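Notes for the one structure printed next.
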Amino acid sequence: MNLSNKKRIASRLLKVGTTRVWFDPDRLQEIKEAITKDDLRKLIKDLAIQAKQSFGISKFRARKLAAQKRKGRKTGLGSRKGTKHARLPKKKAWMAKVRSQRDFLSELKEKGLVESAAYRKAYLMSKGGFFRSIRHIKTYLGEHEMFVKKAGKKR
Numbered sequence: 005m006n007l008s009n010k011k012r013i014a015s016r017l018l019k020v021g022t023t024r025v026w027f028d029p030d031r032l033q034e035i036k037e038a039i040t041k042d043d044l045r046k047l048i049k050d051l052a053i054q055a056k057q058s059f060g061i062s063k064f065r066a067r068k069l070a071a072q073k074r075k076g077r078k079t080g081l082g083s084r085k086g087t088k089h090a091r092l093p094k095k096k097a098w099m100a101k102v103r104s105q106r107d108f109l110s111e112l113k114e115k116g117l118v119e120s121a122a123y124r125k126a127y128l129m130s131k132g133g134f135f136r137s138i139r140h141i142k143t144y145l146g147e148h149e150m151f152v153k154k155a156g157k158k159r
């Protein structure tokens with residue numbers, strides 16, 4: 005019993021490849037008797053002819069690896085493919101550092117912990133690359149007594 009023509013027509017109706025077309029083994033006689041596309045459409049509606057599920061490549065392993073990398077695992081020397089500056093360009097590292105320092109300085113100014121002259125000086129020093137980190141800014145401002153001294157409360 006050659007049903008290759010039926011399979012080809014059914015694959016066009018189901019919009020899948022011929023290998024994904026499935027015929028119900030109990031209803032092969034009905035399928036054999038079907039002549040027109042309309043007959044095949046009815047059989048598809050009755051689930052005598054169905055399209056098999058397509059199988060792709062599972063993302064499970066990729067997701068698992070990504071989750072581990074988010075936790076900081078599997079990022080050793082053997083897993084790296086670019087140089088240090090290819091993985092995080094110098095400019096992007098610089099931008100992140102300076103932006104965080106500027107945010108910190110503006111926060112100090114808003115809270116009134118630093119006068120505008122001291123803020124301006126520290127801002128320009130930050131722009132010049134003087135500070136290594138926010139902690140460095142704190143220690144510098146503390147050593148040079150640039151923080152605003154709060155007046156004691158009178159009783």
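Under our numbering, read the sequence shown as residues 5 to 159, first letter to last. Beta carbons: idealized from backbone N, C-alpha and C, even for Gly. All values derive from a computational prediction rather than experimental measurement.
Helix, strand or coil for VAL25, going by three-state DSSP, please let me know. strand
In or out: ARG159 buried (at least 16 other Cβ within 10 Å) or exposed? Its pLDDT being 45, under 50, ARG159 is placed unreliably in this model, and the coordinates cannot settle the point.
Indicate whether SER130 and VAL102 have their beta-carbon atoms separated by less than 8 Å. yes
Would you call the stretch 22–33 and the stretch 65–75 in contact, with 3 or more CB pairs under 8 Å? no
Touch check for the stretch 16–28 and the stretch 47–54: three-plus C-beta pairs under 8 Å? Contact holds: three or more Cβ-Cβ distances are below 8 Å.
Distance, Cα to Cα, LEU161 vs MET150? Nothing can be reported for residue 161: it is not among the residues displayed for the chain, which extend from 5 to 159.
Residues in its own chain within less than 7 Å of GLN105 by CB, not counting five upstream and five downstream? SER130, PHE135, ILE138 and ILE141
Would you kindly work out how many angstroms separate the C-alpha atoms of ASP50 and PHE59, rounded to a whole number? Those two C-alpha atoms are separated by around 24 Å.
Taking just the CA atoms, how far does LEU92 sit from ARG4? Residue numbering for the chain in the displayed model covers 5 to 159; residue 4 lies beyond these limits and cannot be assessed.
Between the C-alpha atoms of LEU44 and ARG12, what's the straight-line distance to the nearest angstrom? 11 Å
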